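Okay, so here's the structure we're looking at.
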Amino acid sequence: MRYKTFLTLGLFGLLLPIISCDLQAPPTTTNNNNNVNNKDRDARDSTKNNNEEGVEDNKEFTPSSPDVQGDGSGGLKIVQAPDLTKDKDNLIEDADGKLRYLILEGNSGITPDLQEEDDEVPALPENLLEPVELTPTEKEAAELYESAQQMLVKTRPNKPEAFKLLLQAVEKGNHDAKALVAWANLFGNPLPQDFGDAKEMFEELAAQGHHEGHMGLGFLYATGLSVNASQARALVHYTMAAVGGNTWAQMVMAYRYWGAVTVPSVCERALEYYRLVAEKVSQGVSFGGGAAIQRIRLLDEHENGYTSAILDNDLIEYYELLAEKGDVQAQVGLGQLHYQGGRGVDLDYQKAMHYFTQAANAGNAIAMAYLGKIYLDGSDEVKQDNDTAFKYFKKASELNNPVGLSGLGLMYLYGRGVDKDYTKAQKYFLAAAEQGWVDGQLQLGNMYLNGIGVVQDYKMANKYFTMASHSGHVLAYYNLGQMHAQGTGTMRSCPTAVEFFKNVAERGRWGELLMQAHGDYRNKKSNEAFTQYALLAELGYEVAQSNAAFMLERNEVPLIEQSEGLERALLYWGRGASQGYSAAQVKVGDYHYYGHGTAVDYEVAASHYRLASEQQHNAQAMFNLGYMHEQGLGMQQDIHLAKRCYDLAAESSPDAKVPVALALFKLNLMFNLQNFQESPFAGFSEVVGSNWDLYLIMTLSGFLAGIVYFRRPQQQPAQG
1 MRYKTFLTLG LFGLLLPIIS CDLQAPPTTT NNNNNVNNKD RDARDSTKNN
51 NEEGVEDNKE FTPSSPDVQG DGSGGLKIVQ APDLTKDKDN LIEDADGKLR
101 YLILEGNSGI TPDLQEEDDE VPALPENLLE PVELTPTEKE AAELYESAQQ
151 MLVKTRPNKP EAFKLLLQAV EKGNHDAKAL VAWANLFGNP LPQDFGDAKE
201 MFEELAAQGH HEGHMGLGFL YATGLSVNAS QARALVHYTM AAVGGNTWAQ
251 MVMAYRYWGA VTVPSVCERA LEYYRLVAEK VSQGVSFGGG AAIQRIRLLD
301 EHENGYTSAI LDNDLIEYYE LLAEKGDVQA QVGLGQLHYQ GGRGVDLDYQ
351 KAMHYFTQAA NAGNAIAMAY LGKIYLDGSD EVKQDNDTAF KYFKKASELN
401 NPVGLSGLGL MYLYGRGVDK DYTKAQKYFL AAAEQGWVDG QLQLGNMYLN
451 GIGVVQDYKM ANKYFTMASH SGHVLAYYNL GQMHAQGTGT MRSCPTAVEF
501 FKNVAERGRW GELLMQAHGD YRNKKSNEAF TQYALLAELG YEVAQSNAAF
551 MLERNEVPLI EQSEGLERAL LYWGRGASQG YSAAQVKVGD YHYYGHGTAV
601 DYEVAASHYR LASEQQHNAQ AMFNLGYMHE QGLGMQQDIH LAKRCYDLAA
651 ESSPDAKVPV ALALFKLNLM FNLQNFQESP FAGFSEVVGS NWDLYLIMTL
701 SGFLAGIVYF RRPQQQPAQG
């Protein structure tokens, strides 16, 4: 057998040179290509010689696979693609006004060491290098769109007039205007709701590759509005829109990767998307902090009344009357209300200035400081004026007002109307922070984070950002998110960073849809309100998820049948519960307990009640657990555990004391009855049998007759 081994080795030696040959395509007959192939071989031979001499050309060389390195040539060099965004000379503007990048000669993405010396890149035609000329119709459409946008971004936007211009721009073929009109048709605000027109526009935009078209179709397929629901199609459209830079789609994908909605839970992907959105939101935050986002839960409002979140017109008129009579506190309160918005009151800087000016003339430091903030920011209603802002901040700071101190610090930090002075800025910020003012804490954190005027100290930055986050400042959340995402001054934590960035993302201007939807709900425009809540629910707003579920549960959405509505409501309640809303967790338990939108399952119901009880200390969940322990539903019957749950419910909420007292009375009665049945007198119950109620009625009737007899009026004896 040994000779066979030598024979095999011999044949292998003959075949080895053939196997090691270059596997290349057949060369063409042209001389140019032959020259190129010869140069390829020369280059490989040169690389081989250098490697044999121990010369390391580049650390980016990687070992080649046997299939590629059959001739002993060096490995392939990994070359990073060029960043075309830095090459502003290659920007052109297309018909939609979007900036595109051209690959010009000398910037083809191929590095010189991989290009052939004689292989020149052909120059593009000269007409392609010039900016794309818009037709007169396209120019007019773009101008109409820009005019409408300027109306919409004002403090008090004129939507009806803006959408008249947008409709004209749509007729002239502007895609961006068509996107806004499509959303307006979908929401029913300010245009009439029309799902057919909205769907048609989204399909046309998606066919053109417009990201708004993909976002709209993704939303329709995700919710099943006007189309058959398909989460797979929704995910495809959402992904394409997110890649195209659509902010809403990026929020949708972030929430889906965070909450494992139709995709696996991947924290890093959620962090990537939420960071993009949070960065856009943070760039739009002014010194004043922007408008307040009001979050109203329909469930809480239904239980507590409308006045819990919305100021009644009569109440506002009462405060206005007090303000006109010279009540300084009413003037300051109304000024802050119109300056920040919320609680049913729109932003109105003119009214805010009116009330603040009255209070400032009366010597109120808070009003002076807020006037400084208004002039420092500026708006379409109030011209920006550094000198006036400095004057008001100075007066307020002399009265030791933290808002005024922080405002002076901002002006010295950024050199707004004064020379930059980091020492003074730190002094004013520190004085404001010591009084608990959020802007002073935030700016101190920025100074320590970036080493501006102080020694860079990440721990101090983290401390002040955390203090500012307790007051809800959006930039504090953003900075903490960045620090936790990068591990700057703290342990890197992807979940913590995602929570911070999610909070920032939900402070974007689109959060105004919450109040718009609430207004439609109160005006009995249920379909319009539900559509807006459904979109915000896709973006990850827990309040919108709970409100959409509330409307479906009460059968207040004519678009959706009641049988299907309960299933959808369970879905929305579940998403709200996963974000920590205890009432939603109880609702999910109720749906499994009663079989609403799903099969009856006492064990699943008990698990949800237990989560709401242990994690959020929900009194209703504790009471429900007590009842299930009492009745032995989904768990072993245990009267002692039932009493414990009832007691915990009474301790958690004063509102639970009356129902808990009744439940405990019943529980004690059942407990005594059980003890009686185990006693020697248990045979009495067998004698009485099923007619115990008749005997009880007879006994009570006799007892009542005795009382009536003994309490009858006594006849007075006759006087002699």
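Residue numbers (our numbering): 1 to 720.
Beta carbons are placed, not taken as given, at the ideal position from N, Cα and C, and that holds for glycine.
None of the values given here were measured: they were computed from a predicted structure.
Under DSSP, V345 forms a beta bridge with G342.
Distance from the CA atom of E542 to the CA atom of Q579, rounded to whole angstroms, is 7 Å. Proximity to V588 across V600, A599, A605 peaks at A605, based on C-alpha coordinates. Nearest C-alpha to K280 among S265, M251, N304, E301: M251. Taking V454 as the centre and dropping the five residues before and after it, the same chain places the C-beta of Q426, M447, Y448 closer than 7 Å to its C-beta, in chain order. Counting the other CB atoms within 10 Å of its CB gives E553 a total of 16 or more, which places it among the buried residues.
Under the 10 Å beta carbon count, A229 is surrounded by fewer than 16 other beta carbons and is classified as exposed.
Secondary structure at I639: helix, using DSSP grouped into helix, strand and coil. The three-state secondary structure of P190, taken from DSSP, is coil.
Membership of I316 in the alpha helix (DSSP H) is indicated by the continuous run 313-324. Per the Cβ contact rule, the stretch 493-508 is not in contact with the stretch 154-172 (fewer than 3 Cβ pairs under 8 Å). Taking 8 Å as the cut-off, the Cβ atoms of T137 and G196 do not count as close.
Nearest neighbour of Q336 by Cα position, chosen from K351, R297, Y458, turns out to be K351.
DSSP, read as helix, strand or coil, puts D385 in coil. Between A612 and Q585, the CB-CB gap stays under 8 Å. T135: not part of any alpha helix (DSSP H); DSSP gives it neither H nor E. The stretch 369-376 makes contact with the stretch 390-401: 3 or more CB pairs, one atom from each, lie closer than 8 Å. Secondary structure at T155: coil, using DSSP grouped into helix, strand and coil. Per DSSP, D419 lies in no alpha helix (DSSP H) and is assigned neither H nor E. In the structure shown, P264 falls within a coil segment according to DSSP collapsed to helix, strand and coil. For Q329, the secondary structure class from DSSP, reduced to helix, strand or coil, is helix. In this structure, L410 sits away from Q441, with a CB-CB distance that is not shorter than 8 Å. Taking all protein chains in view, the Cβ of H302 is surrounded by fewer than 16 other Cβ atoms within 10 Å, so the residue is classified as exposed.
Of the other Cβ atoms in all chains shown, fewer than 16 fall within 10 Å of the Cβ of A599; this residue is therefore exposed.
Per DSSP, K373 is one residue of the alpha helix (DSSP H) stretching across 365-377. Contact annotation: V658 and F623 have beta-carbon atoms that are not nearer than 8 Å. Contact between the stretch 186-196 and the stretch 525-538 is established, with three or more Cβ pairs separated by less than 8 Å.
CA-CA distance, T262 to Q231, rounds to 7 Å. Taking the Cα positions, V332 is about 20 Å away from E381.
Along the length of the stretch 551-599, whole alpha helix (DSSP H) runs at least 4 residues long occupy 562-578, 582-594, reported in chain order. If the five residues before and after G576 are omitted, its C-beta is found closer than 7 Å to the C-beta atoms of E542, Q545, S546, A549, A584, all from its own chain and listed in chain order.
Q329 is the residue among Q329, H592, L347, T155 whose C-alpha sits nearest the C-alpha of A367. Bounds of the alpha helix (DSSP H) holding T239 are 231-243. As the crow flies, the alpha-carbon of Q532 is around 10 Å from that of E538.
Take Y274, set aside five residues on each side of it, and the residues of its chain with a beta-carbon closer than 7 Å to its own are A254, V498, F501, K502, A505, in chain order.
Pairwise C-beta distances place the stretch 199-214 in contact with the stretch 231-241, as three or more of them are shorter than 8 Å.
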